[in-house]
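For the sequence shown, the numbering used here gives the first residue as 1, with consecutive numbering after it. All residues carry an ideal CB built from backbone N, CA and C; glycine is no exception. The structure presented is a predicted model; accordingly, all values stated were derived computationally and were not measured. Notes follow once the structure below has been shown.
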Amino acid sequence: MPFGKYKDTVLADLPVSYLEWFMRNGGFPKGKLGMQLSTIYEIKINGLMDLLTPLRGNTKNNDSPKKKIFRF
Numbered sequence: 001m002p003f004g005k006y007k008d009t010v011l012a013d014l015p016v017s018y019l020e021w022f023m024r025n026g027g028f029p030k031g032k033l034g035m036q037l038s039t040i041y042e043i044k045i046n047g048l049m050d051l052l053t054p055l056r057g058n059t060k061n062n063d064s065p066k067k068k069i070f071r072f
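Quick look at the structure:
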């Protein structure tokens, strides 16, 4: 994701709640990014994340997004 709270997060790792927020607030942005977000949204809500496994390769943690660590 190129901007916002999930900057530098792989689109496939975005939470469904974030994608649903776009849908509730006027839809996805125009252009290539909007099309990609829309596609990921459809894949996630239809339970088809296994389709992305071959494309992601042998990464260590395919199932969960990277967690941010905050140190105070």
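With respect to Leu14, Met1 sits close: the two C-beta atoms are nearer than 8 Å.
The three-state secondary structure of Arg56, taken from DSSP, is helix. Taken atom to atom, the span from the alpha-carbon of Arg56 to that of Leu11 is near 12 Å. For Ile40, the number of other beta carbons within 10 angstroms of its own is at least 16, and it is reported as buried. Of the other Cβ atoms in all chains shown, fewer than 16 fall within 10 Å of the Cβ of Leu48; this residue is therefore exposed. Around the beta carbon of Leu37, a 10 Å sphere encloses 16 or more other beta carbons of the protein chains shown; the residue is thus reported as buried.
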